[in-house]
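Student: Chains as they are written, first to last, in the numbering used here: chain A, 1 to 168; chain B, 1 to 168; chain C, 1 to 245.
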Amino acid sequence: MDIQGAMGIIEGILFISGEPVNIDEIAKVLGISNEQVMECVKQLQNYYDKPYHGLTISKVGESLRLTTKPNIFPYIEAIFKPKIKSQLSKAALETLAIIMFRQPITRNEIESIRGVNSEKAINTLQEKNLVFEIGRLDIPGRPILYGITEQCMDYFGLESIEDIIIDK
Amino acid sequence: MDIQGAMGIIEGILFISGEPVNIDEIAKVLGISNEQVMECVKQLQNYYDKPYHGLTISKVGESLRLTTKPNIFPYIEAIFKPKIKSQLSKAALETLAIIMFRQPITRNEIESIRGVNSEKAINTLQEKNLVFEIGRLDIPGRPILYGITEQCMDYFGLESIEDIIIDK
Amino acid sequence: MTLNIKIDAFEGPFDLLFHLIEKNQIDIYDIPISDLTEQYLSVIEEISENELDLASEFLVMAATLLSIKSKLLLPSNQNQEAQSELAAMEDDDPRDDLVNKLLEYKKFKEISLALKAKEEEQKLIFKKPPEDLSYVWAADFSISKISLEDLKSSFISVMNKKKPEEKISKITKDSMPLSRKVIEVYKILKRLKSQVRFSKLFSYDASKVEIIMTFLAILELIKMNKILATQEKQFGEIVLTCREA
């Protein structure tokens, strides 16, 4: 498989999927290594960086996704009137921040860091599929352990959770 | 609006839409003429023609659309087919089970049990002659009532509907 | 000092403390507990005038602050002979625990702000709806691999699947009005005629709200002179008896 052909296929796969696609899966279908996939992505991204392209490829967690560039947002808005995406409350963001860096973590531990009841915030995050029950702790009461989902990385556009600390 | 910026926006709009977008609409949002839109498309197409791109723009009637190139289809199939196939059969199996044990039943009722749109699944089952329209419910909208066909009963060796008892 | 603060603006007592610390440019490693406690109390006082339902967490923090304040006052009453002991005291600053918790909270507060910024960024970019390819393979569904047993188990699993509606019905159960709960509890006690332990009035997996409601119902019944409640020791089991027997 030559690299140019692989680039086109990767572009097509991401286009069809809409949702982020796992790098392993792409590598498997193309019969190349993950590193080769990333090399293709890097080259595609070089093209996308040109001003005459409105798309961009990004890595979220262990997946790749094709999205529009932020700068064309006003035009997208003008033609499609996208639904206003509901944003997370302060409570939900705080709770998510804790789960992200302390996972797996119980509700009790979250509440002792925040100092307030966090049941509602956790429920909201679960409904939005940003956190999930990883398992249960083997102590009396068998409390639920929470962790973040793959979709959470997509939601915030994070390649890894360290991005959040580095960007600060 | 410079032409490069317009190209990026057109690309983004076609990408998001997934369906053909009317040229007039694009021209209006960008504040340029239809001819200028087509000039942008021509230039974008020059780039897409390169082997390292898997997408292509085409004009259908008075609209434009972005699709994958036909030559990458085998890879699309290889990566998405297993997923879609198993989803499809799971949906069909669930829907058939519900119709079998709850007939006569409307699509609404099926969907409230499954929690997802079930139109495609019902269509598939009808095409396979496993379920059919028994009649209609005498309420506003007169929704269709579904039941399993004789063929389906034969297949599973059921003498009559009464044989079907769920031992829960 | 006039404080014009709404409790909604704060995520909890730590958040409120932070607001005060930043506003007064306090060094977090050397918190003037007296001042801070005073300010904290005046804020929650003002708030609780309007919102009686002030979250208990805010009151717990008030108690914590007061307790730290009193501990800090203690060493000054002791004699100054034991120099070494004093050094040990410094190691064991009563504020440490609070400071550590505040620092921990601050870290996540900052991360949550960074997440907020990322969320804003992501608002501007769009994914494309996935292409519906199912039509390409619709013909592949085949009944030949399915048995009646498959159908039964599929049916049972789909019927048992948790549905969002269940959450709604759970809420109505939780928010049973107190008056109904009072009647319910009284009926149980009257029927049993003997002593009943408080913990037997709700199932082991009862929600917090349910337990609180039951407790409130008990208080109500005691006030109404309908039942007797005894508790042998602190945090011990509460035993209830019906007065009319």
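Backbone N, C-alpha and C fix where the C-beta goes; we use that ideal spot for every residue, glycine too.
1. Quick check: the segment 94-101 of chain A against the segment 121-131 of chain A, are at least 3 beta-carbon pairs closer than 8 angstroms?
2. For a test of the three-state rule: what should DSSP assign to arginine 107/B, helix, strand or coil?
3. Where are the alpha helix (DSSP H) runs, 4 residues long or more, that stay fully inside the segment 101-156 of chain A, in chain order?
4. Can a CB atom of chain A be found closer than 9 angstroms to the CB of leucine 66/B?
5. Note down, in chain order, every chain A residue with its Cβ under 8 angstroms from the Cβ of tyrosine 75/B.
6. Looking at the secondary structure, which residues open and close the beta strand (DSSP E) in which isoleucine 227/C lies?
7. Would DSSP call lysine 167/C helix, strand or coil?
8. Is it right to say methionine 224/C is buried, meaning 16 or more other beta carbons lie within 10 angstroms of its own, or is it exposed?
9. If you pair each beta-carbon of the segment 46-56 of chain A with each one of the segment 3-12 of chain B, do three or more pairs fall below 8 angstroms?
10. Whether or not the segment 151-165 of chain A and the segment 26-38 of chain B are in contact is what I'm after, with contact meaning three or more pairs of Cβ atoms, one per stretch, closer than 8 angstroms; do they touch?
11. Which word fits lysine 200/C, buried or exposed, when buried means at least 16 other C-beta atoms lie within 10 angstroms of its C-beta?
12. Leaving out five residues on either side along the sequence, give the residues of the same chain with a beta carbon under 8 angstroms from the beta carbon of glycine 61/A.
13. Residues in the same chain with beta-carbon distance under 7 angstroms from serine 63/B, minus the five sequence neighbours each way, listed in chain order, please.
14. Given a cut-off of 9 angstroms, decide if tyrosine 40/C and leucine 73/C are closer than it, judged by their beta-carbon atoms.
15. Counting only C-beta atoms, is isoleucine 23/A closer than 9 angstroms to chain B at any point?
16. Determine the DSSP secondary structure at asparagine 100/C, reduced to helix, strand or coil.
17. Name the residue from Lys81/A, Leu137/A and Thr68/A whose alpha carbon lies nearest to the alpha carbon of asparagine 108/A.
18. With a threshold of 16 other CB atoms inside 10 Å of the CB of valine 131/A, please say whether the residue is buried or exposed.
19. Measure the beta-carbon distance from isoleucine 68/C to proline 94/C and round it to whole angstroms, keeping in mind my assumption that it falls under 8 angstroms.
20. Quick one: residues in its chain with C-beta nearer than 7 angstroms to the C-beta of proline 143/B, no 5 flanking neighbours on either side, listed in chain order?
21. Here's the rule I'm using: 16 or more other beta-carbon atoms within 10 Å means buried, otherwise exposed. How should glutamine 122/C be labelled?
22. From this set, Tyr48/A, Asn129/A, Gly141/A and Glu119/A, which residue's C-alpha is nearest valine 209/C's C-alpha?
23. Please say whether phenylalanine 108/C and arginine 65/A have beta carbons closer to each other than 9 angstroms?
24. To the nearest angstrom, how far is the alpha carbon of isoleucine 26/C from that of isoleucine 47/C?
25. Would a check of beta-carbon distances place methionine 100/B closer than 9 angstroms to chain C?
Tutor: Based on what the coordinates show:
1. Three or more pairs of CB atoms, one per stretch, sit closer than 8 angstroms, so the segment 121-131 of chain A contacts the segment 94-101 of chain A.
2. By 1-based counting over the second sequence, the position of residue 107/B is 107. Of the three classes helix, strand and coil, the one that applies to arginine 107/B here is helix, per DSSP.
3. The alpha helix (DSSP H) runs of length 4 or more contained entirely in the segment 101-156 of chain A are, from start to end of the chain, 107-114, 119-127 and 150-156.
4. Counting from one through the second sequence, the residue named residue 66/B turns up at place 66. Chain A contact via Cβ: present.
5. Along the second sequence, one-based indexing puts residue 75/B at 75. Ordered by position in chain A, the residues that pass the 8 angstroms Cβ test against tyrosine 75/B are Ile9, Gly12, Ile13, Val29 and Leu30.
6. If you number the third sequence from 1, residue 227/C lands on position 227. 227-231 is the span of the beta strand (DSSP E), which, as asked, contains isoleucine 227/C.
7. On the third sequence, position 167 is the one that residue 167/C refers to. Per-residue confidence for lysine 167/C stands at a pLDDT of 31, beneath the threshold of 50, marking its modelled position as unreliable; no derived number is given.
8. Taking the first residue of the third sequence as 1, we reach residue 224/C at position 224. Burial call: exposed.
9. yes
10. no
11. Along the third sequence, read from residue 1 onward, the residue named residue 200/C stands at position 200. That one is exposed.
12. Position 61 of the first sequence, counted from the start, is the residue given in the question as residue 61/A. Within the same chain, glycine 61/A has close Cβ partners Pro20, Glu150, Met153, Asp154, Leu158, Glu159 and Ser160.
13. Within the second sequence, residue 63/B is the residue found at index 63, counting from 1. Here the set comprises Pro20, Val21, Asn22 and Ile23.
14. On the third sequence, residue 73/C is found 73 positions in, with the first residue counted as 1. On the third sequence, residue 40/C is found 40 positions in, with the first residue counted as 1. For leucine 73/C and tyrosine 40/C, no; Cβs fall outside 9 angstroms.
15. Position 23 of the first sequence, counted from the start, is the residue given in the question as residue 23/A. For isoleucine 23/A, the answer is no, since every Cβ of chain B falls outside 9 angstroms of its Cβ.
16. Residue mapping note: residue 100/C aligns to position 100 of the third sequence, counting from 1. In this structure, asparagine 100/C counts as helix in the three-state DSSP scheme.
17. Sequence index remark: in the first sequence, residue 108/A carries index 108 (1-based). For asparagine 108/A, the nearest C-alpha among the options comes from Leu137/A.
18. The residue you call residue 131/A lines up with position 131 of the first sequence. That one is buried.
19. To locate residue 68/C, count along the third sequence from 1; it is residue 68. To locate residue 94/C, count along the third sequence from 1; it is residue 94. About 5 angstroms; that satisfies the 8 angstroms criterion.
20. In the second sequence, the residue the question calls residue 143/B occupies position 143. So the qualifying residues of the chain are Thr106, Arg107, Asn108, Arg136 and Leu137.
21. Here residue 122/C refers to the residue found at position 122 of the third sequence. When all chains shown are included, glutamine 122/C counts as buried.
22. Within the third sequence, residue 209/C is the residue found at index 209, counting from 1. The shortest Cα separation from valine 209/C among Tyr48/A, Asn129/A, Gly141/A and Glu119/A belongs to Glu119/A.
23. Against the first sequence, residue 65/A aligns to sequence position 65. Against the third sequence, residue 108/C aligns to sequence position 108. Not in contact: arginine 65/A and phenylalanine 108/C (Cβ atoms no closer than 9 angstroms).
24. The residue you call residue 26/C lines up with position 26 of the third sequence. The residue you call residue 47/C lines up with position 47 of the third sequence. Put simply, the backbone Cα of isoleucine 26/C is about 23 angstroms away from that of isoleucine 47/C.
25. Against the second sequence, residue 100/B aligns to sequence position 100. Yes, because at least one Cβ of chain C sits closer than 9 angstroms to the Cβ of methionine 100/B.
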